[in-house]
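Participant: Dumping the structure here so I can ask a few things about it.
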Amino acid sequence: MGFIYEAPNYKKGVDEMRRMFLGCIVFLFLASSVWAQERCETPVINVGSKWTVKADNGWEWTTELIGEEKDTYVFSWVFPEGRFKGEWKLFYSKKNMNCIKVIRDGKEDKETRDVFRKFYDFPLFTGKKWSYRYTAFSERTRRDVDIISELSVVGVEEVEAPAGKFKAFKVKVKSSTMGTGRDVSGVSYYWYSPDAKVRVKQEWEPGEFWRELEYTKSELISFELK
Numbered sequence: 001m002g003f004i005y006e007a008p009n010y011k012k013g014v015d016e017m018r019r020m021f022l023g024c025i026v027f028l029f030l031a032s033s034v035w036a037q038e039r040c041e042t043p044v045i046n047v048g049s050k051w052t053v054k055a056d057n058g059w060e061w062t063t064e065l066i067g068e069e070k071d072t073y074v075f076s077w078v079f080p081e082g083r084f085k086g087e088w089k090l091f092y093s094k095k096n097m098n099c100i101k102v103i104r105d106g107k108e109d110k111e112t113r114d115v116f117r118k119f120y121d122f123p124l125f126t127g128k129k130w131s132y133r134y135t136a137f138s139e140r141t142r143r144d145v146d147i148i149s150e151l152s153v154v155g156v157e158e159v160e161a162p163a164g165k166f167k168a169f170k171v172k173v174k175s176s177t178m179g180t181g182r183d184v185s186g187v188s189y190y191w192y193s194p195d196a197k198v199r200v201k202q203e204w205e206p207g208e209f210w211r212e213l214e215y216t217k218s219e220l221i222s223f224e225l226k
């Protein structure tokens, strides 16, 4: 039998490469579409679940779900140092995790309740925006200041903290004073993990608005879900 030389089918090779390229494009498009459509509903949490957080100044604190009252979660929070030092109870709506009541060292704290009121507002999904207003005492001006906080879910990211790696919703928080004559703004971010049922990381950008803040970063170092 004689040797028959068959020239390479370059067209076939090019077609295969095109199909592979198009397949990759379609896969990436579908993956990004699914990613963009992800949604996080209000977490269902069991009593006894707890989370420990550490700030970049070395402080640590633990939050624990200690009870339920009708449509409300009741959390305990013991803060070790600084302006927030004390024993806290925080009451959050099971509907959307809005903060509806705060008790500090046995006394109701309406100002802190207002500050925390809509820090969470479930469900979360990319593109969601919400805002709320409150009044808080400023150590800098020594008087009450009106503030607006504007929040938006900017995306879903893989984030790493001492407690592990998490898929988390990244939320931007822009807070601004109003009516002071020299209003200032500040930006912070938090990453909420549906798996940990808590924000696993939070960072504050440097700026005058945060000058009273005692740390600029906090991360989840351990957690236990019941």
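When you line the sequence shown up against the numbering used here, it's residues 1 to 226, in that order.
Virtual Cβ for every residue (Gly too), placed ideally from N, Cα, C.
#1: Tell me which same chain residues have a C-beta within less than 6 Å of the C-beta of Phe91, skipping the five on either side of it?
#2: Exposed or buried, Ser131, counting other C-beta atoms within 10 Å across all chains shown (16 or more means buried)?
#3: So, at 6 Å on beta carbons, what are the nonlocal neighbours of Gly48 in its own chain, with the 5 sequence-adjacent residues on each side left out?
#4: Is Glu160 buried or exposed, if buried means 16 or more other CB atoms sit within 10 Å of its CB?
#5: In or out: Asp121 buried (at least 16 other Cβ within 10 Å) or exposed?
#6: Counting C-beta neighbours from all protein chains within 10 Å, is the total for Thr135 16 or more, i.e. buried, or is it exposed?
#7: Helix, strand or coil, according to DSSP, for Lys94 in the structure here?
#8: So, at 7 Å on beta carbons, what are the nonlocal neighbours of Leu213 in its own chain, with the 5 sequence-adjacent residues on each side left out?
#9: Just list the residues that DSSP pairs Asp144 with in beta bridges.
#10: With a threshold of 6 Å on Cβ separation, who are the neighbours of Ser222 within its own chain once the five nearest residues in sequence on each side are excluded?
Facilitator: Working from what's here:
#1: One-based indexing of the sequence shown puts residue 91 at position 91. Closer than 6 Å at the Cβ level, and outside the excluded window around Phe91, lie Thr72, Val74, Ile100, Lys101.
#2: On the sequence shown, position 131 is the one that residue 131 refers to. With fewer than 16 neighbouring CB atoms inside 10 Å of its own CB, Ser131 falls in the exposed class.
#3: As a working mapping, residue 48 is identified with position 48 in the sequence shown. Result list for Gly48: Lys226, in chain order.
#4: The residue given as residue 160 occupies position 160 in the sequence shown. By the neighbour-count rule (16 or more Cβ atoms within 10 Å), Glu160 is not buried but exposed.
#5: Sequence index remark: in the sequence shown, residue 121 carries index 121 (1-based). Asp121 comes out buried.
#6: For the purposes of this step, residue 135 is taken as residue 135 along the sequence shown, with counting starting at 1. Thr135 comes out exposed.
#7: By one-based count along the sequence shown, residue 94 stands at place 94. In the three-state reduction of the DSSP assignment, Lys94 falls in the coil class.
#8: As a first step, residue 213 must be located in the sequence shown, where it is residue number 213. Excluding residues within five positions, the ones whose Cβ falls inside 7 Å are Trp204.
#9: Position 144 of the sequence shown, counting from 1, holds the residue named residue 144. In DSSP, Asp144 forms a bridge with Phe137.
#10: Here residue 222 refers to the residue found at position 222 of the sequence shown. So the list reads Thr52, Ala163, once near-sequence residues are dropped.
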